[in-house]
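J.: Note that the protein sequences, when read in sequence, are chains A and B. Using my numbering, the letters of the first sequence correspond one by one to residues -13 to 473. Using my numbering, the letters of the second sequence correspond one by one to residues 122 to 597.
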Amino acid sequence: MNPCEQPLHVLHQMRTTGEISTEEIAKSVLARIQQAEPKLHAYLAMTDEKTVLENARKADKKRTSGEVVHPLEGMPITLKDIFCTQGMETTCGSKMLKGFVPPYDATVVEKLKHQGLNLTGKTNMDEFAMGSSTENSAYGPTKNPWDTSRVPGGSSGGTAAAVAAGMALAGLGTDTGGSIRQPASFTSLVGLKPTYGRVSRYGMIAFASSLDQGGVLTRDAEDAALLLGAIAGHDPRDSTSADRPVPDYTQALQGDLKGVRLGLVKQFQGAGLDKEVEDHFQANLNELQGLGAEVVEVSLPALEYALAVYYILAPSEASSNLGRFDGIRYGLRSKHAEDLSQVYQKSREEGFGPEVKRRIMLGTFALSAGYYDAYYNKALNVRRMLSADFNRAFQQVSMIVCPTSPVPPFKLGERLSDPLQMYLVDSYTLPVNLAGLPGMSIPGGFTKGGLPLGLQFIAPAFQEEKLLQAAHGFQQVTDYHLRRPVM
Amino acid sequence: MSFEPTIGLEIHAQLATASKLFCSCPTTFACPPNANTCPVCMGLPGVLPVTNRQVVEFAIRLGLATHCSIRNVSQFARKNYFYPDLPKAYQISQYDRPICEHGWVDIEVEGKTKRVSITRIHIEEDAGKLVHEGEDPTASYVDLNRAGIPLLEIVSGPDMTTPEEAKAYMEKIHSLVTYLAVSHGDMEKGNLRADANVSIRPPGQKELGTRTETKNLNSFRFVRDAVTYEIERQADELREGRRIIQETRLWDAMTKTTFPMRSKEEAHDYRYFPDPDLPLVVADEAWVDRVRKEMPELPDEKKARYIAQFGLSAYDAGVLTQDRAVAEFYEAVLAAGADPKKAANRVTVDLAAKLNDTKHVMAEVKFTPAQLARLIALVDQGAISSKQSKEVFDAMYDSGEDPDLVVKSRGLSQMSNQAELEAIVAKIVADNPGQVEQFRAGKDKVFGFFVGQIMKATQGKANPALVNDLLKKKLG
Ligand SMILES: [Zn+2]
């Protein structure tokens, strides 16, 4: 296997024994970018090759001089273009922020820099993280490395495509309604969205503040544990981040699933589920039972309202969060504005794409006088009911298991003209964000046509270890996570 | 036809915290544009607010002082609107769950006490400001130094009926916020700004008339004058058969009139909703209790104590207690041993006049309370006359010099040596036999002539009381 296709922890093992150098790893990744990027368009901005190689050599020098090298140090990693990077353009996939260079790093970027981050570049995404296919990027869509006529999922589709194709060893994404897990599912990666508050949101451009959470896209559970451990933790700059210790997630990577009770959600069954996805999910359940897990049915009665609740709350918060893109201080300012109100109207008209505008309008409507109680307030109440449903279920089971996406990766353009069809893709992921729980998608198999399918685990708050343990166990009896797309 | 006015005030008090409400930028006044800014208060993408707990403590303090109930769990909300001085396009404020509610203060107008209810007090951030001087005269520039500075908005009930009451109410709030040290209360720097809601109705009418809101009144006088003008203007409108338009107006201090703000800016639906970036504000009982225990004596309590304990007049006690700095100075003079009434007189008359003339504030006074107490003692002991003490006081005020030194350097000490004075009296009497004759013949006025001569001979230093005694004895 080409080094750029190996899991990060395997490469770290190899460089520790001197089998390979970090520089060779970086060269392999850079060569893959040269080869695959023109086909996939995963990146929006790239670090120059010289810097990437220099960073790699720094780690090698450290190792040869006998110093301890962190597993992430010098390893080529990518960031979704939603994380602010000091001195490096951050566009959030929007024309609105073309040319915006943040004067500060997001907390997670700062944390990774402490571990010797070797940033390959910033990856493509649906504009302001609004979308499930990366087709809503103002800079053109990213293609799925497994089938370039199909989408890589979204909104973290650029990160997913880059990692799946070997154009980075791992990456960070964000997940507001499934934006890490669904692309992971579409590209056969591990995608972990931590508990709300586990990872700082400071410097992560906000879409829906009460739902957004940064997380990781990696090749297997070990890499996810490594990367999550590096970015998790309390941040005094984010008052919604949890002030509780970060466990050593790599310690969770052991044991089997003997006696672990997994919940099968009654309300998830049937609804809009693709036949092939359903069959594979059944096969996955058998594999889990083979590992000793017990599968029992649980009920989440409020689940049927989750999509509606999400599409009230997320756009409401977005309509306010995106107000700051007004053409006054940074970003795009219309050249056709004649007065102040035109600066606002025309800059926003020219700067935002149709999906962003749609959600701003939805949210503005839901929050407006006379509608607030009927929409926003009611949605908040149902959201609380859904959390209570999950809590009740977790008294019976250790984790919930379900497909990540009801459908396999779809064709570019296939769902673009029908927003509702696009929204339905997130049916299995967005309830997890509403409840603030940790969720993880792992490679669960392939369709007959060779398209990746994901298997999702959902755990109680702050029990990411359970997800990692389940993923690790599943990896012991399956080889889905070892397959790579042909580049 | 006369009308009955109804007045309510919304006062914004800028808080005296060292840093802003949601970031660590300093709150220093008069810095170069945008010197006190960071990614958070500039509203850059991805940044998040973190609440300054000192602000919450200040809100509790003012809430307790105005007899409000303190909400144990209050909430920040976003008020959404577009304006260049508002970098996030929303102001973080409190909406349906403010930290303080249902309080009151007592005000006094023409010797009568009136209770004004406080509907609510909530925490919010200030906006930046637009500057119109720069390279390009047609452009507006944005200065965000003020953006994010903490404010308390204090909303009164519609309980006032005269401009004087509105003024007295604002003075009361000013007195409280400075007493509590929650605001510097510097009116010139806009630390306290009031929006006045005014409506009028015919006597006997139950429902209130249509109100107008006059914004941004930053002095006690402006509040009184703007309310006066609005009452008159509205009365004129009604008398001439027109209707009052509900609108926001501005005060023009030059023409002493109010005028409507562009109505376009009013049709706002602010789309308030709880700020998802901020946790609930928890002010538990333990915290509120601690603040309650640490509360300083407030002006009303102090005033009552001065009247009861020192026998001061209500007026003097009021003057001494309205400004915390004045009261503290006064109490320090007493602590240095001065008589309460004499000290009150020095502070409310001499010092007040000086402060007024020189436009100084208490903090700029150069002499110490102990020095003022010493001045009072010098008069008591007869070392200087009451008249001389005025000169010493002026010198102390101008230079901060010690009273003993002033007396010495200006040769002001009073001659109270009996033997010395007796000799002078004897000499003057002997030198003026004609006047002695006149006095003995019953011309009492001549007594003054002798006093004048003695004073002249002693360069005015003779102790007048002693001179009186000795002269009377000598002239028989
Ligand atoms: Zn700041």
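Positions of the beta carbon are idealized from the N, C-alpha and C atoms, including for glycine. Quick caveat: nothing in here was measured; it's all calculated off a predicted structure.
Tell me where the alpha helix (DSSP H) around asparagine 367(A) begins and ends.
T.: For the purposes of this step, residue 367(A) is identified with residue 381 of the first sequence, where counting begins at 1. Its alpha helix (DSSP H) spans residues 364 to 382.
J.: Quick one: does methionine 74(A) have its CB under 8 Å from some CB of chain B?
T.: On the first sequence, position 88 is the one that residue 74(A) refers to. Not an interface residue.
J.: Regarding valine 348(B) and ligand 1, is the C-beta to nearest heavy atom distance less than 7 Å?
T.: Looking up residue 348(B) in the second sequence gives position 227. Valine 348(B) Cβ: outside cutoff for every heavy atom of ligand 1.
J.: Please classify valine 403(B): is it buried, with 16 or more other beta-carbons within 10 angstroms of its beta-carbon, or exposed?
T.: To locate residue 403(B), count along the second sequence from 1; it is residue 282. Looking at its Cβ environment, which holds fewer than 16 other Cβ atoms inside 10 Å, valine 403(B) is exposed.
J.: Under 8 Å, with one C-beta from each stretch per pair, do the region 164 to 182 of chain A and the region 420 to 428 of chain A reach the 3-pair mark?
T.: With the rule of 3 Cβ pairs closer than 8 Å, the region 164 to 182 of chain A counts as touching the region 420 to 428 of chain A.
J.: If I follow the unbroken alpha helix (DSSP H) through glycine 249(A), where does it start and stop?
T.: Taking the first sequence and counting its residues from 1, one reaches residue 249(A) at position 263. Glycine 249(A): not part of any alpha helix (DSSP H); member of the beta strand (DSSP E) spanning 247 to 251, first to last residue.
J.: Give a yes or no on whether the minimum CB-CB distance between phenylalanine 197(B) and chain A is below 8 Å.
T.: Walking along the second sequence from the start, residue 197(B) turns up at place 76. No, no contact with chain A.
J.: Return the chain-ordered list of same chain residues with a C-beta closer than 7 Å to the C-beta of glutamine 215(B), the five sequence neighbours on each side being excluded.
T.: Here the question's residue 215(B) lines up with position 94 in the second sequence. If we look at glutamine 215(B) and ignore the five residues flanking it on each side, its Cβ neighbours are Ser195, Gln196, Phe197, Ala198, His243, Ile244, Glu245.
J.: Counting only beta-carbon atoms, is serine 354(A) nearer than 8 Å to chain B?
T.: Locating residue 354(A) in the first sequence gives position 368, counting from the first residue. So yes, serine 354(A) belongs to the interface.
J.: How many Å lie between isoleucine 386(A) and glutamate 280(A) at the Cα?
T.: Locating residue 386(A) in the first sequence gives position 400, where the first residue counts as 1. Locating residue 280(A) in the first sequence gives position 294, where the first residue counts as 1. Rounded to the nearest angstrom, the two C-alpha atoms are 11 Å apart.
J.: Leucine 155(A) and leucine -6(A) look like a contact to me (Cβ under 8 Å); what is the Cβ gap, rounded to whole Å?
T.: Taking the first sequence and counting its residues from 1, one reaches residue 155(A) at position 169. Taking the first sequence and counting its residues from 1, one reaches residue -6(A) at position 8. Confirmed, about 4 Å.
J.: Please name the residue in Lys594(B), Thr187(B), Lys487(B), Arg354(B) whose C-alpha comes closest to that of aspartate 519(B).
T.: Locating residue 519(B) in the second sequence gives position 398, where the first residue counts as 1. Selection Lys594(B), Thr187(B), Lys487(B), Arg354(B) evaluated against aspartate 519(B) yields Lys487(B) as nearest (Cα-Cα).
J.: If you drop the 5 nearest sequence neighbours on each side, which residues of the same chain put their C-beta closer than 7 Å to that of aspartate 412(A)?
T.: Looking up residue 412(A) in the first sequence gives position 426. Once the five neighbours on either side are set aside, the close Cβ partners of aspartate 412(A) are Ser118, Gly163, Gly164, Gln168.
J.: Buried or exposed, going by whether 16 or more other CB atoms sit within 10 Å of the CB of methionine 517(B)?
T.: Against the second sequence, residue 517(B) aligns to sequence position 396. Classification of methionine 517(B): buried, given that the 10 Å Cβ count is 16 or more.
J.: Which first and last residues belong to the beta strand (DSSP E) in which glutamate 558(B) is found?
T.: Here residue 558(B) refers to the residue found at position 437 when the second sequence is read from its first residue. Glutamate 558(B) -> not in any beta strand (DSSP E); alpha helix (DSSP H) instead, spanning 554 to 561.
J.: Less than 7 Å between the CB of cysteine 162(B) and some heavy atom of ligand 1, yes or no?
T.: Counted from its first residue, the second sequence places residue 162(B) at position 41. Correct: cysteine 162(B) has its Cβ closer than 7 Å to ligand 1.
J.: Regarding alanine 149(B) and ligand 1, is the C-beta to nearest heavy atom distance less than 7 Å?
T.: Position 28 of the second sequence holds residue 149(B). The question names alanine, but residue 149(B) in the sequence shown is threonine. Threonine 149(B): no, Cβ never under 7 Å from ligand 1.
J.: Could you pull out every residue in the same chain whose Cβ sits closer than 6 Å to the Cβ of histidine 389(B), ignoring the five residues on either side in sequence?
T.: Numbered from 1 along the second sequence, position 268 holds the residue referred to as residue 389(B). Tyr202.
J.: Closest to glycine 278(B) by C-alpha separation, out of Thr333(B), Val263(B), Ala260(B), Val226(B), would be which residue?
T.: As a first step, residue 278(B) is located in the second sequence; it is residue number 157 there, counting from the start. The shortest Cα separation from glycine 278(B) among Thr333(B), Val263(B), Ala260(B), Val226(B) belongs to Val226(B).
J.: Would DSSP call arginine 136(A) helix, strand or coil?
T.: Translated into positions along the first sequence, residue 136(A) becomes position 150. Strand at arginine 136(A).
J.: Determine which residues share a DSSP beta bridge with tyrosine 297(A) and list them.
T.: For the purposes of this step, residue 297(A) is taken as residue 311 along the first sequence, with counting starting at 1. Beta-bridge pairing by DSSP links tyrosine 297(A) to no other residue.
J.: So what does DSSP say about glutamate 254(B), is it helix, strand or coil?
T.: Position 133 of the second sequence holds residue 254(B). Note: glutamate 254(B) maps to coil in three-state DSSP.
J.: Where do the N-terminal and C-terminal ends of the alpha helix (DSSP H) with arginine 495(B) fall, by residue?
T.: For the purposes of this step, residue 495(B) is taken as the residue at position 374 of the second sequence. Element bounds for arginine 495(B): 490 to 501.
J.: Return the bridge partner residues of serine 140(B) from the DSSP annotation.
T.: The residue you call residue 140(B) lines up with position 19 of the second sequence. According to DSSP, serine 140(B) bridges with Pro147(B).
J.: Where glycine 306(B) and aspartate 404(A) are concerned, what is the direct C-alpha to C-alpha distance, given to the nearest angstrom?
T.: As a first step, residue 306(B) is located in the second sequence; it is residue number 185 there, counting from the start. As a first step, residue 404(A) is located in the first sequence; it is residue number 418 there, counting from the start. The alpha-carbon atoms of glycine 306(B) and aspartate 404(A) are separated by roughly 58 Å.
J.: Say the cut is 7 Å; is the CB of tyrosine 141(B) nearer than that to a heavy atom of ligand 1?
T.: Reading the second sequence from its first residue, position 20 is the one you call residue 141(B). The displayed chain sequence assigns lysine, not tyrosine, to residue 141(B). Checking the Cβ of lysine 141(B) against ligand 1 gives yes.
J.: So glycine 458(B) contacts chain A; which residues on that side make the cut at Cβ distance below 9 Å?
T.: Locating residue 458(B) in the second sequence gives position 337, where the first residue counts as 1. Within chain A, no residue comes near glycine 458(B); the closest Cβ sits about 51 Å away, beyond 9 Å.
J.: Buried or exposed for tyrosine 316(A), going by 16 or more other Cβ atoms inside 10 Å?
T.: Locating residue 316(A) in the first sequence gives position 330, where the first residue counts as 1. That one is buried.
J.: Pick out the complete beta strand (DSSP E) segments inside the region 207 to 263 of chain A, 3 residues or longer, and give them in chain order.
T.: 247 to 251
J.: Could you tell me whether the Cβ of proline 219(B) comes closer than 8 Å to any Cβ of chain A?
T.: The residue you call residue 219(B) lines up with position 98 of the second sequence. Not one chain A Cβ lies under 8 Å of proline 219(B).
J.: The beta strand (DSSP E) with methionine 576(B) in it runs from where to where?
T.: Locating residue 576(B) in the second sequence gives position 455, where the first residue counts as 1. Run containing methionine 576(B): none in the beta strand (DSSP E); it sits in the alpha helix (DSSP H), 567 to 578.
J.: What number of angstroms, rounded off, separates the C-alpha of aspartate 161(A) from the C-alpha of aspartate 373(B)?
T.: Sequence index remark: in the first sequence, residue 161(A) carries index 175 (1-based). Sequence index remark: in the second sequence, residue 373(B) carries index 252 (1-based). Approximately 53 Å between the Cα atoms of the pair.
J.: Go ahead and pull the three-state DSSP assignment for alanine 210(B).
T.: Reading the second sequence from its first residue, position 89 is the one you call residue 210(B). Correct three-state label for alanine 210(B): coil.
J.: With DSSP as the reference, identify every bridge partner of valine 237(B), one or two as the case may be.
T.: Working through the second sequence from its first residue, we reach residue 237(B) at position 116. Beta-bridge pairing links valine 237(B) to Val226(B).
J.: With a floor of 3 residues, list each beta strand (DSSP E) that falls wholly inside the region 342 to 375 of chain B, ordered by position along the chain.
T.: Within the region 342 to 375 of chain B, the complete beta strand (DSSP E) runs of at least 3 residues are 369 to 373.
J.: Taking C-alpha atoms, which residue in Gly102(A), Gly183(A), Pro127(A) lies nearest to threonine 109(A)?
T.: If you number the first sequence from 1, residue 109(A) lands on position 123. With distances taken between CA atoms, threonine 109(A) lies nearest to Pro127(A) out of Gly102(A), Gly183(A), Pro127(A).
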